[in-house]
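Student:
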Amino acid sequence: MASVLVAILATPVLAQIRVFPQPLENSVGEGIVFENLLTYSPMQHDIISHVLTLGYAAQAAGLVYFLATLSNIAPRYRLSSVLSAVVMSSAFLELFQLSQNWNNSFIFADGVWQLGTEAFSNGFRYMNWSIDVPMLLLQLVVVLGLTRSQAVSYGTKFVIGGLLMIWTGYIGQFYEVTNLTLLFIWGVISTVFYVYVLFVIGRMINQTAGDLPRQPDNLPRAMRSVFWFILITWTLYPIAYLIPAFWPTAWGAVSRQIIYTIADITSKVVYGAILSYIARKRSEAIGFESAIATARR
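Going by this note's numbering, the residue at position 284 of the sequence shown is 286; the numbering climbs one at a time, nothing skipped.
Here's what the structure looks like:
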């Protein structure tokens with residue numbers, strides 16, 4: 003399990019790093035995220051601000067791409083790009099709100115940025131994932147061209163497993179300052195659902211990827227590589243989730259927002275582009291003229 007593995011690997015580091023002092027933990031309200039307890043140099047504050055801007059700008063660019071290339075995909079696979087557009091729209095709105103939240107939460111005084119009257123919250127990310135994760139997983143169902151019964155079966159597992167993964171992590175992040183034990187417990191529960199979702203993805207791809215055409219490209223191999231792409235990009239999230247436990251400093255906060263942003267861009271924009279490519283190649287294989295014309299360019 004990703005969170006457990008990261009926790010084990012981080013154990014030697016934890017022994018060397020001082021986490022939030024006990025008086026500080028007792029003096030803050032339950033639910034505050036650790037970014038609010040730190041002061042930031044102008045460089046640190048700007049890096050986070052710029053990275054958050056990159057995050058929502060990438061989603062906006064992805065939205066334009068998926069809408070612009072929609073007509074190159076056959077109708078039976080086109081829903082995948084439509085779902086990507088939904089993901090981009092949701093992510094853009096939520097990440098823009100997150101960026102505004104960051105910029106409004108801190109004030110500049112005595113040469114550093116410190117918390118003002120509004121608290122920063124990573125909860126916007128979880129609300130975004132509640133929309134995006136089911137959409138991202140359902141894209142696989144569309145591109146693989148499953149039967150109705152298969153689509154319903156896998157789709158149900160994806161939606162339930164994905165939402166439970168997100169919502170249990172959402173509960174856990176409320177305790178990243180006040181109760182690290184609960185942070186880990188809810189992180190482990192979330193990871194159980196993550197492993198379940200990965201298992202279902204792997205089984206679905208292994209059972210159906212062989213039916214994909216090998217020409218014009220080796221689509222079975224391309225689809226199997228999607229599993230490893232999901233594994234790598236999604237595992238960035240539990241790493242960022244655990245940063246308050248083993249790196250509770252301003253640079254830890256900077257690194258967390260960078261990791262979250264990299265994960266959001268790769269697991270949504272790049273992932274959607276990969277599935278769009280596979281859908282276009284499938285369209286080309288069945289003789290869809292627009293896909294064939296695009297391949298000739």
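We treat Cβ as the ideally placed atom computed from N, Cα and C, and that holds for glycine.
1. To which residues does DSSP link tyrosine 42 through a beta bridge?
2. Considering only DSSP beta bridges, list what isoleucine 191 is partnered with.
3. Taking only the alpha-carbon atoms, compute the straight-line gap between serine 51 and leucine 39 and give it to the nearest angstrom.
4. Find out if the Cβ-Cβ distance for the pair glycine 274, serine 86 is shorter than 8 Å.
5. CA-CA distance, isoleucine 109 and proline 44?
6. Which class does phenylalanine 110 belong to by DSSP, given the choice of helix, strand or coil?
7. Buried or exposed: where does glycine 163 fall if 16 or more other Cβ atoms within 10 Å of its Cβ makes it buried?
8. Helix, strand or coil for phenylalanine 123, going by three-state DSSP, please let me know.
9. Apply the 10 Å Cβ neighbour rule to phenylalanine 201 and answer buried if 16 or more other Cβ atoms are within range, or exposed otherwise.
10. On the three-state DSSP scale, how would you describe proline 222?
11. Check whether the segment 173–191 touches the segment 209–225, counting contact only when three or more Cβ pairs, one atom from each stretch, lie closer than 8 Å.
12. If tryptophan 236 and serine 269 are in contact, beta carbons under 8 Å, what's the gap, nearest whole angstrom?
13. Applying the criterion that 16 or more other CB atoms from any shown protein chain within 10 Å of the CB defines a buried residue, is threonine 158 buried or exposed?
14. With distances taken Cα to Cα, identify the nearest neighbour of valine 272 among Tyr67, Ala247, Trp104.
15. From valine 228 to alanine 242, what does the alpha carbon distance come to, in whole angstroms?
16. On a Cα-Cα basis, can you pick out the residue from Gly57, Ala60, Trp104 that is closest to glutamate 37?
17. What residue from Pro250, Ile203, Leu138 has the CA that sits closest to alanine 93's CA?
18. Could you tell me how far apart the beta carbons of phenylalanine 126 and valine 35 are, in whole angstroms, since I believe they sit closer than 8 Å?
19. Alpha carbon to alpha carbon, how far is isoleucine 168 from tyrosine 128? Give it in angstroms, no decimals.
20. For the alpha helix (DSSP H) that threonine 158 lies in, which residues bound it at each end?
21. Please name the residue in Ile245, Val197, Arg205 whose C-alpha comes closest to that of leucine 185.
22. Can you give me the C-alpha to C-alpha distance between tyrosine 156 and valine 143, rounded to a whole angstrom?
23. Beta carbon of serine 101, beta carbon of leucine 72: below 8 Å?
24. Under DSSP, the alpha helix (DSSP H) around arginine 258 begins and ends at which residues?
25. Please classify proline 77: is it buried, with 16 or more other beta-carbons within 10 angstroms of its beta-carbon, or exposed?
Tutor: A quick look at the data gives this:
1. For the purposes of this step, residue 42 is taken as residue 40 along the sequence shown, with counting starting at 1. For tyrosine 42, which the question treats as bridged, DSSP gives the partners Trp115.
2. Against the sequence shown, residue 191 aligns to sequence position 189. Under the DSSP definition of a beta bridge, isoleucine 191 lacks any partner.
3. Looking up residue 51 in the sequence shown gives position 49. Looking up residue 39 in the sequence shown gives position 37. The straight-line gap from Cα to Cα measures roughly 17 Å.
4. On the sequence shown, position 272 is the one that residue 274 refers to. On the sequence shown, position 84 is the one that residue 86 refers to. Yes, the pair counts as a contact, with Cβ atoms nearer than the cut-off.
5. To locate residue 109, count along the sequence shown from 1; it is residue 107. To locate residue 44, count along the sequence shown from 1; it is residue 42. Whole-angstrom Cα-Cα distance: 11 Å.
6. On the sequence shown, residue 110 is found 108 positions in, with the first residue counted as 1. Three-state result, phenylalanine 110: strand.
7. Mapped onto the sequence shown, residue 163 falls at position 161. The residue is buried, with at least 16 neighbouring Cβ atoms inside 10 Å.
8. Residue mapping note: residue 123 aligns to position 121 of the sequence shown, counting from 1. The amino acid occupying residue 123 in the given sequence is serine; phenylalanine does not appear at that position. In this structure, serine 123 counts as coil in the three-state DSSP scheme.
9. Position 199 of the sequence shown holds residue 201. Its Cβ having fewer than 16 others within 10 Å, phenylalanine 201 is exposed.
10. One-based indexing of the sequence shown puts residue 222 at position 220. Three-state result, proline 222: helix.
11. Contact between the segment 173–191 and the segment 209–225 is absent, with fewer than three C-beta pairs closer than 8 Å.
12. In the sequence shown, the residue the question calls residue 236 occupies position 234. In the sequence shown, the residue the question calls residue 269 occupies position 267. About 6 Å separates the CB atoms of tryptophan 236 and serine 269; that is less than 8 Å, so the two are in contact.
13. Translated into positions along the sequence shown, residue 158 becomes position 156. Exposed is the call here.
14. Position 270 of the sequence shown, counted from the first residue, corresponds to residue 272. That would be Tyr67, whose Cα lies nearest to the Cα of valine 272.
15. Position 226 of the sequence shown, counted from the first residue, corresponds to residue 228. Position 240 of the sequence shown, counted from the first residue, corresponds to residue 242. Looking at the two C-alpha atoms, the distance is approximately 22 Å.
16. In the sequence shown, the residue the question calls residue 37 occupies position 35. It is Trp104 whose Cα lies nearest to the Cα of glutamate 37.
17. In the sequence shown, residue 93 corresponds to position 91, counting from 1. The candidate whose alpha carbon is nearest that of alanine 93 is Leu138.
18. Counting from 1 along the sequence shown, the entry for residue 126 is found at position 124. Counting from 1 along the sequence shown, the entry for residue 35 is found at position 33. Not a contact, Cβ separation roughly 11 Å.
19. The residue labelled residue 128 in the question sits at position 126 within the sequence shown. The residue labelled residue 168 in the question sits at position 166 within the sequence shown. Tyrosine 128 and isoleucine 168 have their alpha carbons spaced roughly 6 Å apart.
20. The residue you call residue 158 lines up with position 156 of the sequence shown. Element bounds for threonine 158: 150–175.
21. As a working note, residue 185 is residue 183 in the sequence shown. A check of alpha carbon separations from leucine 185 across Ile245, Val197, Arg205 identifies Ile245 as the nearest.
22. The residue given as residue 156 occupies position 154 in the sequence shown. The residue given as residue 143 occupies position 141 in the sequence shown. When rounded, the distance between both Cα atoms is 7 Å.
23. Locating residue 101 in the sequence shown gives position 99, counting from the first residue. Locating residue 72 in the sequence shown gives position 70, counting from the first residue. Against a cut-off of 8 Å, the Cβ pair of leucine 72 and serine 101 comes out as no contact.
24. Residue numbering aside, residue 258 sits at position 256 when the sequence shown is read from its first letter. Run containing arginine 258: 252–266, per the alpha helix (DSSP H) assignment.
25. Taking the sequence shown and counting its residues from 1, one reaches residue 77 at position 75. So proline 77 ends up on the exposed side.
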